[in-house]
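Undergrad: I'd like to ask some things about the structure below.
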Amino acid sequence: MLSAISYKIYEMRKYLVLSIIISIIAIPIADSFVIERDRNRNEMYGEAFWIYGFGVYNMTDTEVAGALPAFNDTRHTLPSYLGTVTYEYPVFGLIFFAIATWLFPGQESQLQHWWLNFLLVLVFNLNLVLIAILLKDKIYITSWARTFFGGYYVYGLLMSAGGGKNEPLADCLMLMALVLWKEGQMGKAMFALGLAVQTKVYPGVIFPLLFLDSPVSSVWFMLSMLLTVIPFLFLGANFDSLVSHFLNTTTYSSYVVNPMYPGLWLGTPDFTHDPVTYYLWPPALIPLILYAAFMLYTVRLYIPRRSEFRDKTLLQKVRVLMPLYVYLLPSIMFIYRWVMPWYLFWLGVAIFAFENDKQAVGYLKELTVVGLLYVYGVACNWWYFVSGPLPDFMGHFTSGWETLLGLALMGFLTFVSYRVWKWTYEHREQKVRLIHEAQDRGELVI
């Protein structure tokens, strides 16, 4: 894997330099008009780790901010309706930010903010390299591969330079696991996947893919999970908030921020009453109905033929069903009450499980449809979202209409970078095609 990464970095060196330059320019721009609350919280808990150890998992934001006066403001703590939530990110994510703040100490320093974003920018650009490795020659010859690469570039830039979130780190470990899987290094792949799950939980969706190829290698996954088990059992960590978030309980928050969540049909919260009451809202089912219709129309491509099961062992039959499993993964987005817009790309990396290009293209279309339904769900539940969740989300943008100028500048930089990359690969593809045509004519190509 290291050799493949080194070669691909050399191959993509010009584009990566451009990407890093654009990312560095974007960091202060984004920081000036966006409250990067996740990054700020991780910074605060990273500093607190060196004082309280894993005991920070038993502390709310207010308690930590009170103990560290430099962070005692509204930019480092969750809103009041999440006031009882303790630190919910898995252990590896906490350790990453703890080491980052140790390397660049200085509570509430603007430069420390930018340092964290810069580290995530480096990780994000490594993710581009890993994606290029996984796409192989498809990145030169297929439009869907370039579309996916470009889409991930926009997403990764926003998550790292524009948001300072954990996603680039989780994706990096997840992509490493996939590269190692493709290379047949199953033990290392499982270990990397275990670390990914301990950064954000969502990489766990690819565990069945690796498990079916090598069930014995799952021992390495379990060994890496000791990083979570040891703090929990012996060092006083408490993962109640993570569990309540994962189990979809109202103890995490009475808010529902997922406009596709069908539970709004029977229980849309009404925050004008104290305590909160709930009312029926049938239009909340529209996104689910549209998604079900889309799935019924497209799922046939992922259902194996009966002949594919013939003369196979039980394990081999289950493997045949893996494309269907991956295609059904975006359905998870309808289950959870708390789904922010960027969660929609969490499952994008699972596209590398498909060997069939038609299935990969269909999966990209499905993710696009889910994204459109997310936006449409806000319209279907407009009166609820405008009553609280939407104003709260927009409160992260501090510059009013000037925010649009900053977003436009980031969008322009992203577009320029993508066009340069796209031109580079299309030029290379054209050159290869001309060489092949010349060779077919019997000409000597030097």
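The opening residue of the sequence shown carries number 23 in this note's numbering; numbering runs sequentially from there.
The beta-carbon is built from N, C-alpha and C at its ideal position, and this holds for glycine as well.
(1) Who are Y301's beta bridge partners in DSSP?
(2) Report all residues from its chain with a CB closer than 7 Å to the CB of L288; omit the five preceding and five following residues, and keep chain order.
(3) Among the candidates R322, V321, Y324, V342, whose CA atom is the shortest distance from the CA of F331?
(4) In its own chain, which residues sit with a C-beta less than 7 Å from the C-beta of P352, not counting the 5 before and 5 after it?
(5) Are V151 and Y109 closer than 8 Å when you measure CB to CB?
(6) Do L234 and M208 have their beta-carbon atoms positioned less than 8 Å apart in this structure?
(7) With DSSP as the reference, label F118 as helix, strand or coil.
(8) Count the C-beta pairs between the segment 168-179 and the segment 119-134 that are closer than 8 Å, then say yes if the count reaches three, no if not.
(9) Let me confirm a value: S182 is counted as buried when at least 16 other C-beta atoms fall within 10 Å, else exposed. Which label applies?
(10) Give me the Cβ distance between K30 and A154, rounded to the nearest whole Å; I'm assuming they're in contact under 8 Å.
(11) Using DSSP with H/G/I as helix, E/B as strand and the rest coil, what is F261?
(12) For W72, which residues in the same chain have their Cβ closer than 7 Å to its Cβ, ignoring the five residues on either side in sequence?
(13) Can you look up T390 in the DSSP assignment and give me helix, strand or coil?
(14) For K453, count neighbouring C-beta atoms within 10 Å of its own C-beta (all shown protein chains included) and say buried if the count is 16 or more, exposed if not.
(15) Could you check whether the segment 303-310 touches the segment 399-406, counting it as contact only if at least three pairs of C-beta atoms, one from each stretch, sit closer than 8 Å?
(16) Can you tell me whether V56 is helix, strand or coil according to DSSP?
(17) Exposed or buried, which one is Q220 when buried takes at least 16 other CB atoms within 10 Å?
(18) Kindly identify the DSSP beta-bridge partner or partners of T82.
(19) Measure how close the beta-carbons of F407 and P281 come, nearest whole angstrom, since I'm counting them as under 8 Å.
(20) Report, in whole angstroms, the separation of the C-beta atoms of L350 and Y396, which I expect to be a contact under 8 Å.
(21) Throw me the rounded Cβ distance for the I373 and Y385 pair, which I believe falls under 8 Å.
(22) W203: buried (16+ other C-beta within 10 angstroms of its C-beta) or exposed?
(23) Where S500 and L100 are concerned, what is the direct C-alpha to C-alpha distance, given to the nearest angstrom?
(24) So, helix, strand or coil for F437, using DSSP?
(25) So if DSSP puts F331 in a beta bridge, which residue, or which two residues, is it bridged to?
(26) Could you please give the first and the last residue of the uninterrupted alpha helix (DSSP H) stretch that includes K339?
(27) Measure from the alpha carbon of L248 to the alpha carbon of each residue in G226, E58, T272, F213, then state which is nearest.
(28) Shortest alpha-carbon distance to V241 belongs to which of A259, S263, A211?
(29) Have a look at the DSSP bridge pairing and note the partners of F76.
(30) List the DSSP bridge partners of F374.
(31) Y283: buried (16+ other C-beta within 10 angstroms of its C-beta) or exposed?
(32) Starting from the Cα of L144, find the closest Cα among I46, V383, P91 and give me that residue.
(33) Compute the beta-carbon to beta-carbon distance between A89 and A70, rounded to the nearest angstrom, for a pair I have assumed lies under 8 Å.
TA: Inspection of the coordinates gives the following:
(1) Within the sequence shown, residue 301 is the residue found at index 279, counting from 1. Partner(s): T290.
(2) Stepping through the sequence shown from its first residue, residue 288 is reached at position 266. Counting only Cβ-Cβ distances below 7 Å, and skipping sequence neighbours, we find L302.
(3) On the sequence shown, position 309 is the one that residue 331 refers to. Measuring from the Cα of F331, the nearest candidate turns out to be V342.
(4) Translated into the one-based positions of the sequence shown, residue 352 becomes position 330. Result list for P352: L369, E388, L389, V392, in chain order.
(5) Reading the sequence shown from its first residue, position 129 is the one you call residue 151. Reading the sequence shown from its first residue, position 87 is the one you call residue 109. Contact flag unset, no.
(6) To locate residue 208, count along the sequence shown from 1; it is residue 186. To locate residue 234, count along the sequence shown from 1; it is residue 212. Cβ distance not < 8 Å, so M208 and L234 don't count as in contact.
(7) On the sequence shown, residue 118 is found 96 positions in, with the first residue counted as 1. Under the three-state reduction of DSSP, F118 is assigned to helix.
(8) no
(9) Walking along the sequence shown from the start, residue 182 turns up at place 160. Label assigned to S182: buried.
(10) Residue numbering aside, residue 30 sits at position 8 when the sequence shown is read from its first letter. Residue numbering aside, residue 154 sits at position 132 when the sequence shown is read from its first letter. Distance from K30 to A154 at the Cβ level is roughly 5 Å; contact confirmed, criterion being Cβ atoms closer than 8 Å.
(11) Here residue 261 refers to the residue found at position 239 of the sequence shown. Coil.
(12) Numbered from 1 along the sequence shown, position 50 holds the residue referred to as residue 72. Cβ within range, chain order: A120, W124.
(13) As a first step, residue 390 is located in the sequence shown; it is residue number 368 there, counting from the start. Helix.
(14) If you number the sequence shown from 1, residue 453 lands on position 431. The residue in question, K453, is exposed, as its Cβ has fewer than 16 Cβ neighbours within 10 Å.
(15) yes
(16) Residue mapping note: residue 56 aligns to position 34 of the sequence shown, counting from 1. In this structure, V56 counts as strand in the three-state DSSP scheme.
(17) As a working mapping, residue 220 is identified with position 198 in the sequence shown. The residue is buried, with at least 16 neighbouring Cβ atoms inside 10 Å.
(18) By one-based count along the sequence shown, residue 82 stands at place 60. Paired residue(s): T108.
(19) For this step, residue 407 is matched to residue 385 along the sequence shown. For this step, residue 281 is matched to residue 259 along the sequence shown. Correct: roughly 7 Å between the Cβ atoms.
(20) The residue you call residue 350 lines up with position 328 of the sequence shown. The residue you call residue 396 lines up with position 374 of the sequence shown. Actually they are not in contact, since the Cβ atoms of L350 and Y396 sit about 18 Å apart, beyond 8 Å.
(21) Your numbering for residue 373 matches position 351 in the sequence shown. Your numbering for residue 385 matches position 363 in the sequence shown. Confirmed, Cβ separation roughly 5 Å.
(22) Stepping through the sequence shown from its first residue, residue 203 is reached at position 181. So W203 counts as buried.
(23) Missing from the structure shown is residue 500; the chain here goes from 23 to 468 and no further.
(24) Working through the sequence shown from its first residue, we reach residue 437 at position 415. Reduced to three states, the DSSP call for F437 is helix.
(25) If you number the sequence shown from 1, residue 331 lands on position 309. DSSP lists no partner for F331.
(26) By 1-based counting over the sequence shown, the position of residue 339 is 317. 336-342 is the extent of the alpha helix (DSSP H) around K339.
(27) Numbered from its first residue, the sequence shown carries residue 248 at position 226. The shortest Cα separation from L248 among G226, E58, T272, F213 belongs to F213.
(28) Numbered from 1 along the sequence shown, position 219 holds the residue referred to as residue 241. Checking every option, the nearest Cα to that of V241 belongs to A211.
(29) In the sequence shown, counting from the first residue as 1, residue 76 sits at position 54. Answer is none; F76 lacks a bridge partner.
(30) Residue mapping note: residue 374 aligns to position 352 of the sequence shown, counting from 1. None; F374 has no bridge partner.
(31) Residue numbering aside, residue 283 sits at position 261 when the sequence shown is read from its first letter. The residue is buried, with at least 16 neighbouring Cβ atoms inside 10 Å.
(32) Working through the sequence shown from its first residue, we reach residue 144 at position 122. Minimum Cα distance to L144 is reached at I46.
(33) The count along the sequence shown starts at 1 and reaches residue 89 at position 67. The count along the sequence shown starts at 1 and reaches residue 70 at position 48. Rounded, the Cβ-Cβ distance is 7 Å, consistent with contact.
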